[in-house]
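Student:
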DNA sequence: ATTCCACAGGAAGCGACGGCCC
DNA sequence: GGGCCGTCGCTTCCTGTGGAAT
């Protein structure tokens, strides 16, 4: 019987091991990062001699290898420590997800086998549980705080203050911190004492240029693809496209992987330029669609309002205009009307997600406002918005183009 | 030089919720 | 079940401000 999967299985795969191209994979060789790796290693090596390593702050844009390097050095340290009888524990926290003092402490305590609930305990209780867990350990503990700027922006620097003084309460163990941040300026928001303690050492990760990206891709492609599965122009193209996006290696690897998936899907025996082009387009579109789809209803309606104004021909809208359209639409579908202040925040969130871009401008006598413009494809986004049943009703009442103002006010 | 618009965006706090402890 | 605690989405109240108009 001709099975559903038979055809698909018969196609000649271009991949040898696709996992190598995923962001979760930590490579065993990191091209163009020898200086940074050495710098971190030199600081951490004292842990093996029973001393406390300095705290480190690592800066660099997304996809410059910060996380990979930190994890890599951490793993090496743990291994070498184990073989020399000096235990070194490394805890990794992504502060984008774990973004409050309570959650950080709870997460850490859990790493050391304490049972801590999601919420419910007073924070200082979680703190003392963590101390207790640490005192049961020996040797060094390295805590990697990834996306640290997100945590600080949201919850302030209390966590860092407590963590940076934690050694005072420990008897057997020594704790060192590695903070990782995209944002060079985030230490400005820190208490000076916290800043000086946290940034005893600073390491900068510059973005990769196209040539360096090519080396990285070639390195991984060797593991990921079968021989001759890549046309010669593919890697340079991926590298060049990603270099335009401020040298983001993650994007480059993603692009290469999706290109391969496309080639496989159309049963090509090798990856070609056209597959890369398709992949590039598809990645961006998928990203946007996914983000928009998972927006809360109110945020969707704000975005809908911005799009409505843009459909009307406005190059950019102001906060006030968006607000007025939003309120009208809101009443139309009987949604609770949120305050202007809240809308300001929702607009900011859309900006942060890269769906719109905003700029504060002063119109002198006529006030100060934000110019808001859509930075994603209008029609695609609009379609995704209409998938929401609560917004669906608005489609019928599509305002006559060119006359939104009159039909609304 | 001063005024003043139309907002930006900080601070505080509220109420609901989920979840702890006793 | 009652008293707390942390978190989230939101409101209320507020101070701050760039620059055209006066």
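Residue numbers (the numbering used here): 89 to 497. C-beta atoms are modelled at their ideal positions from N, C-alpha and C, and glycine is treated no differently.
(1) Here's a check: name, in chain order, each residue in its chain whose Cβ is nearer than 6 Å to the Cβ of residue 489, leaving out the five neighbours to either side.
(2) If you draw a straight line from the C-alpha of residue 119 to the C-alpha of residue 155, how long is it?
(3) For residue 467, report the span of its alpha helix (DSSP H) as first-last.
(4) Let me confirm a value: residue 203 is counted as buried when at least 16 other C-beta atoms fall within 10 Å, else exposed. Which label applies?
(5) Would you kindly check if the distance between the Cβ of residue 404 and the Cβ of residue 459 is under 7 Å?
(6) Going by CA-CA distance only, name the one from 430, 428 and 377 that's closest to residue 468.
(7) Residues in the same chain with beta-carbon distance under 8 Å from residue 108, minus the five sequence neighbours each way, listed in chain order, please.
(8) For residue 361, which residues of its own chain have a beta-carbon under 8 Å away from its beta-carbon, when the five flanking residues on both sides are left out?
(9) Less than 8 Å between C-beta atoms, sequence neighbours within five positions excluded: which residues of the same chain meet that for residue 492?
(10) Suppose contacts are defined by Cβ-Cβ distances below 7 Å. Is residue 254 in contact with residue 232 by that definition?
(11) Looking at the structure shown, is residue 262 part of a helix, part of a strand, or coil, going by DSSP?
(12) Does DSSP put residue 219 in a helix, in a strand, or in coil?
(13) Can you name the start and end residues of the alpha helix (DSSP H) that residue 285 belongs to?
(14) Give me the residue from 303, 159, 246 and 268 with the minimum Cα distance to residue 280.
(15) Using CA coordinates, which residue listed in 386, 407 and 453 is at the minimum distance from residue 425?
(16) Apart from the five residues on each side of it in sequence, which residues of its chain come closer than 8 Å, Cβ to Cβ, to residue 240?
(17) Below 8 Å on the Cβ atoms is my contact criterion, and I expect residue 207 with residue 243 to pass it. Report the Cβ-Cβ distance as a whole number of Å.
(18) So does the region 194–203 actually touch the region 157–175, counting three or more Cβ pairs closer than 8 Å?
(19) What's the C-alpha gap between residue 111 and residue 212?
(20) Please name the residue in 291, 252 and 282 whose C-alpha comes closest to that of residue 268.
(21) Beta-carbon within less than 8 Å of residue 125's beta-carbon, same chain only, minus the 5 sequence neighbours each way: which residues are those?
(22) The beta strand (DSSP E) with residue 293 in it runs from where to where?
(23) Looking at the structure shown, is residue 183 part of a helix, part of a strand, or coil, going by DSSP?
(24) Figure out for me which residue from 139, 355, 345 and 282 has the closest Cα to the Cα of residue 365.
(25) My understanding is that residue 102 touches residue 317, with C-beta atoms under 8 Å, so please give their C-beta distance in whole angstroms.
(26) How about residue 236 and residue 214: are their beta carbons less than 7 Å apart?
(27) According to the Cβ coordinates, are residue 327 and residue 343 closer than 7 Å?
(28) Mapping the DSSP letters down to three states, classify residue 234 as helix, strand or coil.
(29) Determine the direct distance from the alpha carbon of residue 217 to that of residue 190, and round the result to whole angstroms.
Tutor: Let me spell this out:
(1) Its pLDDT being 41, under 50, residue 489 is placed unreliably in this model, and the value from its coordinates should be taken loosely. Excluding positions up to five away in sequence, the list is empty.
(2) 14 Å
(3) 466–474
(4) exposed
(5) yes
(6) 377
(7) 115, 308, 311 and 312
(8) 319, 321, 322 and 325
(9) Note that residue 492 scores 45 on pLDDT, short of 50, meaning its location in the model is unreliable; the coordinates nonetheless yield the value given after this. Only 396, 397, 399, 400 and 413 meet the Cβ criterion.
(10) no
(11) strand
(12) helix
(13) 280–286
(14) 246
(15) 386
(16) 248, 274, 277 and 278
(17) Not quite, the Cβ-Cβ distance comes to about 14 Å (not below 8 Å), so this is no contact.
(18) no
(19) 35 Å
(20) 291
(21) 118, 157, 160 and 161
(22) 289–293
(23) coil
(24) 345
(25) 4 Å
(26) no
(27) no
(28) strand
(29) 12 Å
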